[in-house]
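Engineer: Note that UniProt numbering has the sequence shown beginning at 1, numbered continuously upward.
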Amino acid sequence: MAERSFAREVQQLRVPAGTEFRGEGILAVTKALLESGVSYVTGYQGSPISHLMDVLADAQPILNELGVYFEPAASEAAAAAALSASVNYPVRGAVTWKSTVGTNVASDALANLASGGVTGGALIIVGEDYGEGSSIMQERTHAFAMKSQMWLLDPKPNLPAIVQAVHDGFALSEATNTPVMLELRIRSCHLHGSFITRENKRPRFTLKDALENPTRDVNRIVLPPASFLHEKEKLEQRWPAAVQFIQQHQLNEFVEGDLDHIGIISLGGMSNNVMRALKNLDQADLFGNTRVPMYILNVAYPLIEEEVVRFCQSKRAVLMIEEGQPDYLEQNLNTILRRQGLATAVHGKDLLPMGGDYTVDVLQKGVRGFLERHHPAAFAKPVALAMPTRRAVVDEGVDQAPVAAPLSAAVALAPLLPPRPPGLCVGCPERPIFSSLKLVEQELGMHHVSADIGCHLFSIMPPFNLGATTMGYGLGGSSASAFAAGAQLGASKRAIAFMGDGGFWHNGLTSGIANAVFNKQDNVFVIVDNNYSAATGGQDIPSSRSVNPNRSTMHAIERAVRGVGVDWVRTLTNTYDVNGMRAALTEALSTPTSGPKVVIAQSECMLNRQRREKPAKAKAIKSGERVLKERFGVDAAVCSGDHACMRVSGCPSLTLAPSGDALKPDPVASVDEHCVACGHCGEVADAAVLCPSFYKATKVNNPGRLERWRDSLRQHIVGWLQARQWRARSERALFPLESLK
Numbered sequence: 001m002a003e004r005s006f007a008r009e010v011q012q013l014r015v016p017a018g019t020e021f022r023g024e025g026i027l028a029v030t031k032a033l034l035e036s037g038v039s040y041v042t043g044y045q046g047s048p049i050s051h052l053m054d055v056l057a058d059a060q061p062i063l064n065e066l067g068v069y070f071e072p073a074a075s076e077a078a079a080a081a082a083l084s085a086s087v088n089y090p091v092r093g094a095v096t097w098k099s100t101v102g103t104n105v106a107s108d109a110l111a112n113l114a115s116g117g118v119t120g121g122a123l124i125i126v127g128e129d130y131g132e133g134s135s136i137m138q139e140r141t142h143a144f145a146m147k148s149q150m151w152l153l154d155p156k157p158n159l160p161a162i163v164q165a166v167h168d169g170f171a172l173s174e175a176t177n178t179p180v181m182l183e184l185r186i187r188s189c190h191l192h193g194s195f196i197t198r199e200n201k202r203p204r205f206t207l208k209d210a211l212e213n214p215t216r217d218v219n220r221i222v223l224p225p226a227s228f229l230h231e232k233e234k235l236e237q238r239w240p241a242a243v244q245f246i247q248q249h250q251l252n253e254f255v256e257g258d259l260d261h262i263g264i265i266s267l268g269g270m271s272n273n274v275m276r277a278l279k280n281l282d283q284a285d286l287f288g289n290t291r292v293p294m295y296i297l298n299v300a301y302p303l304i305e306e307e308v309v310r311f312c313q314s315k316r317a318v319l320m321i322e323e324g325q326p327d328y329l330e331q332n333l334n335t336i337l338r339r340q341g342l343a344t345a346v347h348g349k350d351l352l353p354m355g356g357d358y359t360v361d362v363l364q365k366g367v368r369g370f371l372e373r374h375h376p377a378a379f380a381k382p383v384a385l386a387m388p389t390r391r392a393v394v395d396e397g398v399d400q401a402p403v404a405a406p407l408s409a410a411v412a413l414a415p416l417l418p419p420r421p422p423g424l425c426v427g428c429p430e431r432p433i434f435s436s437l438k439l440v441e442q443e444l445g446m447h448h449v450s451a452d453i454g455c456h457l458f459s460i461m462p463p464f465n466l467g468a469t470t471m472g473y474g475l476g477g478s479s480a481s482a483f484a485a486g487a488q489l490g491a492s493k494r495a496i497a498f499m500g501d502g503g504f505w506h507n508g509l510t511s512g513i514a515n516a517v518f519n520k521q522d523n524v525f526v527i528v529d530n531n532y533s534a535a536t537g538g539q540d541i542p543s544s545r546s547v548n549p550n551r552s553t554m555h556a557i558e559r560a561v562r563g564v565g566v567d568w569v570r571t572l573t574n575t576y577d578v579n580g581m582r583a584a585l586t587e588a589l590s591t592p593t594s595g596p597k598v599v600i601a602q603s604e605c606m607l608n609r610q611r612r613e614k615p616a617k618a619k620a621i622k623s624g625e626r627v628l629k630e631r632f633g634v635d636a637a638v639c640s641g642d643h644a645c646m647r648v649s650g651c652p653s654l655t656l657a658p659s660g661d662a663l664k665p666d667p668v669a670s671v672d673e674h675c676v677a678c679g680h681c682g683e684v685a686d687a688a689v690l691c692p693s694f695y696k697a698t699k700v701n702n703p704g705r706l707e708r709w710r711d712s713l714r715q716h717i718v719g720w721l722q723a724r725q726w727r728a729r730s731e732r733a734l735f736p737l738e739s740l741k
């Protein structure tokens with residue numbers, strides 16, 4: 001069950017040529033793939049490109065009509081290896097994943113693909129996850145493109161440019177026999193806009209044609225001596241062909257301006273921010289007209305020497321805008337200019353930050369510094385004309401306070417907004433797992449915990465503070481491998497490794513579990529099974545317990561684990577059972593049985609569960625059916641203010657509230673409106689004994705006649721008891737209680 005359905009939006013993919021297509025960036029990419037005559041598409045979900053996989057899955061009927069094969073790959077490596085179909089056959093293929101982590105996983109296949117080259121167009125669409133909102137290490141795809149010599153497109157963030165980049169990417173790949181990478185930043189993936197469509201095309205050469213007419217070219221297989229010829233071919237044939245194609249089709253853009261002695265060179269994906277920064281400095285308008293000439297690199301790699309010389313030869317200085325480190329383009333730019341004997345000054349990281357997001361505010365400061373140095377007239381103060389005016393305040397002897405520079409929104413709001421660290425969702429079934437482990441550690445002491453990529457990585461944050469390392473998706477088990485020597489060294493504790501069900505199928509089964517069996521490790525492995533690849537948007541995986549008409553699901557993780565040789569396995573089908581989780585973890589950490597111990601903690605992702613149940617309940621209520629809704633609450637009179645419920649569970653629906661009692665000045669726990677009634681907070685309080693201050697309330701929608709009568713009776717009885725209590729208190733009061741009403 002994906003994060004959201006695109007079933008309605010994908011119907012736009014059928015519109016005829018010449019139609020104005022409106023939608024999100026990822027939907028436009030899908031339409032461009034169909035217009036390009038793609039034969040097969042595969043990939044692995046990951047922010048910011050996850051929704052592209054969801055769109056392709058929802059568009060399966062349309063893909064089938066056009067003869068396009070689509071599959072969600074088991075990993076990025078599997079997706080990249082599928083591009084081998086384009087090595088010997090003129091079929092167009094596209095793959096997609098999150099970069100740079102996905103590119104790292106796919107690196108072996110990509111390096112081989114780039115070495116041997118391709119016959120059909122091979123397009124790699126990567127979600128460039130760099131900057132403040134990133135969930136990974138701060139690296140860029142540029143380095144990999146340079147290392148393996150694959151052309152890298154970085155289109156301007158608007159739908160016509162993105163769609164054109166898809167078409168150009170396939171054509172460039174075929175013209176140069178080289179795979180092409182197309183990077184889309186998060187703004188490009190989720191922006192909305194419009195473009196004029198072209199006709200969807202069936203593949204000119206299909207996978208069926210390839211199967212029925214097999215061919216092979218031994219010179220494209222990466223083995224010596226062919227591999228030495230590949231390097232020569234890259235330099236002597238593919239590179240010149242790429243330069244020629246890029247120049248002839250004008251993939252890069254030149255924007256004229258009246259300040260001919262200076263210029264700005266910007267990557268296409270950053271051009272909107274650059275233009276907005278210029279506009280804020282009164283050097284450009286809203287329509288793309290700028291006083292400062294610009295050279296927009298829709299092709300980030302390679303840098304075209306002839307175009308660079310053409311742009312820079314008449315300029316005193318240029319500003320190279322390149323996000324992140326190392327400054328590949330700035331170095332390349334300096335090399336080209338000095339080789340050509342041009343004295344044009346190159347600025348970049350001297351005026352802009354070495355790393356981090358190049359927001360409009362950041363770019364505005366860098367561009368201002370560049371203009372102040374090489375065109376100070378841009379900020380010259382206007383000369384006042386001699387006109388009658390009122391006497392200035394200073395002439396009257398009153399001192400004027402200096403005017404403070406305006407603060408950016410981020411700086412101004414920083415002291416007002418509380419920090420919001422990442423955490424698990426309300427009612428997340430993974431939270432009880434970590435609460436149970438914290439309770440176990442109270443008895444057995446702290447253990448080394450290797451974390452993994454996924455929602456469960458939030459266990460490293462308060463209140464759990466678990467996890468010492470994370471090495472990659474599905475590598476939680478491998479991360480603890482060195483600590484398997486503990487038994488040989490006589491250590492009294494075992495290492496613990498976590499991985500999710502998505503990571504398990506992606507990499508963990510072989511790299512973690514099978515490796516542990518082979519090496520007779522004594523570590524404890526906890527596999528968090530929440531039915532989906534939850535962190536990437538809720539996509540189905542082999543162990544999903546939902547019926548998927550296009551995929552084979554319901555393959556139990558326990559069977560796979562036992563299949564590679566694990567003997568000690570415990571599967572818990574309700575992670576909210578803290579006592580059960582606690583007992584299983586305690587047994588795994590203390591059992592005398594040797595070999596790897598695997599605990600499979602299984603409960604459905606609450607976010608996906610709510611996505612499924614809420615619409616169903618709303619529909620039932622609207623149709624008049626009786627529906628129960630449960631909520632938890634805290635009795636302020638009973639709550640001791642210990643707050644163990646928060647310390648051990650950390651649920652976002654728990655907050656603090658005044659006790660309402662003058663003799664109890666400290667705040668008490670309170671449950672807000674986001675509660676989903678999982679019951680975890682009350683269960684873990686007081687060391688996994690249900691805290692007496694918690695209560696569960698059940699709201700009945702569309703109650704029956706008997707339930708309405710009972711409710712009316714309860715209200716009358718409670719009202720009578722309250723009136724009786726009020727009268728008793730009035731008799732004992734020193735002054736009339738009516739005055740307090």
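Cβ atoms here follow ideal geometry from the backbone N, Cα and C, with glycine treated the same way.
Note that the structure is predicted; figures quoted are calculated from it, not measured.
#1: Under 7 Å Cβ to Cβ from D258, same chain only, skipping five residues before and after it: list those, please.
#2: Alpha carbons only, please: which of L656, V87, T96 and S543 is nearest the one belonging to E71?
#3: So, does the region 280–290 touch the region 360–368, judging by three or more C-beta pairs under 8 Å?
#4: When the Cα of L585 is compared with those of N523, L607 and T553, which residue comes out closest?
#5: Ordered along the chain, which non-local residues of its own chain (more than five positions away) have a Cβ less than 6 Å from that of Q521?
#6: Look up H192 in the DSSP assignment and say whether it is helix, strand or coil.
#7: Kindly indicate which three-state DSSP category M146 falls into: helix, strand or coil?
#8: Would you kindly check if the distance between the Cβ of R92 and the Cβ of F170 is under 8 Å?
#9: Which same chain residues, not among the five before or five after V298, have their C-beta less than 6 Å away from its C-beta?
#10: Note down the Cα distance separating N112 from P225, rounded to an integer number of angstroms.
#11: List the whole-angstrom C-beta distance separating G477 from S511, where the pair is believed to meet the contact cut-off of C-beta under 8 Å.
#12: Go through its chain and collect everything with a Cβ distance to G131's Cβ below 6 Å, but skip five positions before and after it.
#13: Cβ atoms of M606 and G427: under 8 Å apart, would you say?
#14: Residues in the same chain with beta-carbon distance under 7 Å from S194, minus the five sequence neighbours each way, listed in chain order, please.
#15: From this set, R611, V547, F518 and A210, which residue's C-alpha is nearest G565's C-alpha?
#16: Within a Cβ cutoff of 7 Å, which residues of the same chain sit near G59, ignoring the five residues on either side of it in sequence?
#17: Where does the unbroken beta strand (DSSP E) through Y295 begin, and where does it stop?
#18: Is the Cβ-Cβ distance between A79 and Y44 less than 8 Å?
#19: Counting C-beta neighbours from all protein chains within 10 Å, is the total for R338 16 or more, i.e. buried, or is it exposed?
#20: If you compare alpha carbons, which of L182, K208 and V163 is closest to L66?
#21: Does any residue of chain D bring its CB to less than 8 Å from the CB of M320?
#22: For K365, report the span of its alpha helix (DSSP H) as first-last.
#23: Need the endpoints of the alpha helix (DSSP H) that A80 sits in, please.
#24: Take every Cβ of the region 532–544, pair it with every Cβ of the region 479–493, and state whether three or more of those distances are shorter than 8 Å.
#25: Please report the straight-line C-alpha distance between V403 and A317, rounded to a whole angstrom.
#26: Excluding five sequence neighbours on each side, which residues of the same chain lie with their C-beta closer than 6 Å to the C-beta of M646?
#27: If you draw a straight line from the alpha carbon of W720 to that of D635, how long is it in whole angstroms?
#28: Can you check DSSP and say which residues form a bridge with I124?
#29: How would you write the range of the beta strand (DSSP E) that T698 sits in, first residue to last?
#30: Assuming G476 is part of the beta strand (DSSP E), what are its boundary residues?
#31: Leaving out five residues on either side along the sequence, give the residues of the same chain with a beta carbon under 6 Å from the beta carbon of T698.
#32: Assess, as a yes-or-no matter, whether the region 184–194 is touched by the region 216–236 under the definition of 3 or more beta carbon pairs within less than 8 Å.
#33: Leaving out the 5 sequence neighbours to the left and right, which residues in its chain are closer than 7 Å to A175 when beta-carbon positions are compared?
#34: Going by Cα to Cα distance, which pick from N273, M150, F205 and R204 is closest to R185?
#35: Could you check the C-alpha separation between T103 and D661 for me, to the nearest Å?
#36: Could you tell me the boundaries of the alpha helix (DSSP H) in which F311 lies?
Structural biologist: A quick look at the data gives this:
#1: Residues R291 of the same chain have their beta carbon placed closer than 7 Å to that of D258, with the five preceding and five following residues left out of the count.
#2: The shortest C-alpha to C-alpha distance from E71 to any of L656, V87, T96 and S543 is the one to T96.
#3: Yes: at least three Cβ pairs fall under 8 Å.
#4: With distances taken between Cα atoms, L585 lies closest to N523.
#5: Within the same chain, Q521 has close Cβ partners A484 and P596.
#6: Correct three-state label for H192: strand.
#7: In the three-state reduction of the DSSP assignment, M146 falls in the helix class.
#8: Yes, these two residues count as a Cβ contact at 8 Å.
#9: The question names Val, but residue 298 is Asn in the sequence shown. Excluding sequence neighbours, N298 sits near P155, L251, N252 and G268.
#10: Each residue's CA atom was taken as its position, placing N112 and P225 some 14 Å apart.
#11: The distance from the Cβ of G477 to that of S511 is about 7 Å, consistent with a contact at the 8 Å cut-off.
#12: Cβ neighbours of G131 beyond the five flanking positions: D357.
#13: Less than 8 Å separates the beta-carbon of G427 from that of M606.
#14: Excluding five sequence positions before and after S194, the CB atoms of its chain that fall closer than 7 Å to its own CB belong to E20, F21, R22 and L159, given in chain order.
#15: For G565, the nearest C-alpha among the options comes from F518.
#16: Checking the displayed sequence, the identity of residue 59 turns out to be Ala instead of Gly. Contacts found: V10, L13 and T30.
#17: DSSP places Y295 in the uninterrupted beta strand (DSSP E) bounded by M294 to L297.
#18: In this structure, Y44 lies closer than 8 Å to A79 by Cβ.
#19: Per the 10 Å Cβ criterion, exposed.
#20: Comparing alpha-carbon positions, the option among L182, K208 and V163 lying closest to L66 turns out to be K208.
#21: The structure shown contains no chain D, having only a single protein chain.
#22: Taken as a continuous stretch (DSSP letters only), the alpha helix (DSSP H) holding K365 covers V360 to H374.
#23: Per DSSP, A80 belongs to the alpha helix (DSSP H) from E76 to A82.
#24: Contact between the region 532–544 and the region 479–493 is absent, because fewer than three Cβ pairs lie under 8 Å.
#25: Bear in mind that the predicted position of V403 carries a pLDDT of just 46, short of 50, making it unreliable; the figure below should be weighed with that in mind. If you take the alpha carbons of V403 and A317, they lie about 33 Å apart.
#26: By the criterion of a C-beta distance shorter than 6 Å, M646 is surrounded in its chain by L654, once the five residues flanking it on both sides are discounted.
#27: A direct Cα-to-Cα measurement between W720 and D635 gives close to 22 Å.
#28: In the DSSP assignment, the residues bridged to I124 are V95 and M181.
#29: Counting along the chain, the unbroken beta strand (DSSP E) around T698 starts and ends at F694 to N701.
#30: Run containing G476: none in the beta strand (DSSP E); it sits in the alpha helix (DSSP H), G476 to S479.
#31: So the qualifying residues of the chain are L628 and E630.
#32: Counting Cβ pairs under 8 Å, fewer than three are found: no touch.
#33: Annotation for A175: A241 and F245 place their beta carbon closer than 7 Å to its own, counting only its chain and skipping 5 residues before and after.
#34: Closest by alpha carbon: N273.
#35: Cα to Cα, T103 sits roughly 58 Å from D661.
#36: Note, F311: alpha helix (DSSP H), E305 to C312.
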